Amino acid sequence: MIEPETRPPRSSELLSRTASRLLVVDVQQKLLDHIPVSGTLVENCRRLIRGAQVLDVPVAATEQYPDGLGPTAEVLAGLLGEIPEKLRFSCAECLDWGAAGGDGDQRDQVVVCGIEAHVCVTQTALDLAAQGYRVYVPADAVASRHKLDWKTALGRLADSGIVVLTTESVLFEWCEVAGTDEFRQISRLVTGKDEA
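Now the structure itself:
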């Protein structure tokens, strides 16, 4: 086994729990009612939130015009703190990273999940990248009403330098090593054996 002091450095392309934040974008019930894969989307967002909590990754969330689109899905809202309202499609201007915890500007990676992929998620991801963040979008934790919009958004994001990956990739990159209590908790999340 390689000792920690002699391990080569990890790739800067990999997520690090100490450099990351999670942003949950507009996972609201009235939008979910029109998303064909809403069950999978909500479950993967829940896994990301719970994984972030286990691994001390700060979490922020937003709601787009909740008077019209309703509140955040109940299963997620119970895991989140205060959720700011917004009217702009991009979340980049309304985020209060200080309220989400972590170390201010020391974290330069943002994992973005939520809906809709081709509107608020895309505009947020591109704006965050323009602000200097490295942005990661798990394809199975974002969705749109129409598959073409979702697929096109992921292609556009990848072409723009946003890293497109999966929920499981995010969780295991954050975790980094097996054999720990944190790893066991993440494994239960991935296999669906955690307490929902």
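My numbering puts the first residue of the sequence shown at 1269, with every later residue one more than the last.
Don't be surprised by glycine CBs; every beta carbon is placed ideally from N, CA and C.
Owing to the predicted nature of the structure, the values given are computational and were not obtained by experimental measurement.
DSSP, read as helix, strand or coil, puts Glu1331 in strand. Judged by DSSP in its simplified three-state form, Val1305 adopts coil rather than helix or strand.
About 6 Å separates the beta carbon of Thr1392 from that of Val1380, a gap short enough to meet the 8 Å contact definition. In the displayed model, Ala1393 falls within a helix according to three-state DSSP. DSSP lists Val1379 and Val1431 as the bridge partner or partners of Tyr1404.
The three-state secondary structure of Val1293, taken from DSSP, is strand. By the criterion of a C-beta distance shorter than 8 Å, Ile1430 is surrounded in its chain by Ala1393, Leu1394, Ala1397, Val1403, Tyr1404 and Val1405, once the five residues flanking it on both sides are discounted. Close CB contacts of Leu1347 within its chain, under the 6 Å cut and outside five residues either way in sequence, are with Ile1317 (chain order).
Taking C-beta separations shorter than 6 Å and ignoring five residues to either side along the sequence, the partners of Ser1358 in its chain run Gln1391, Thr1392 and Asp1395, following chain order. DSSP links Ser1288 through a beta bridge to Gln1377.
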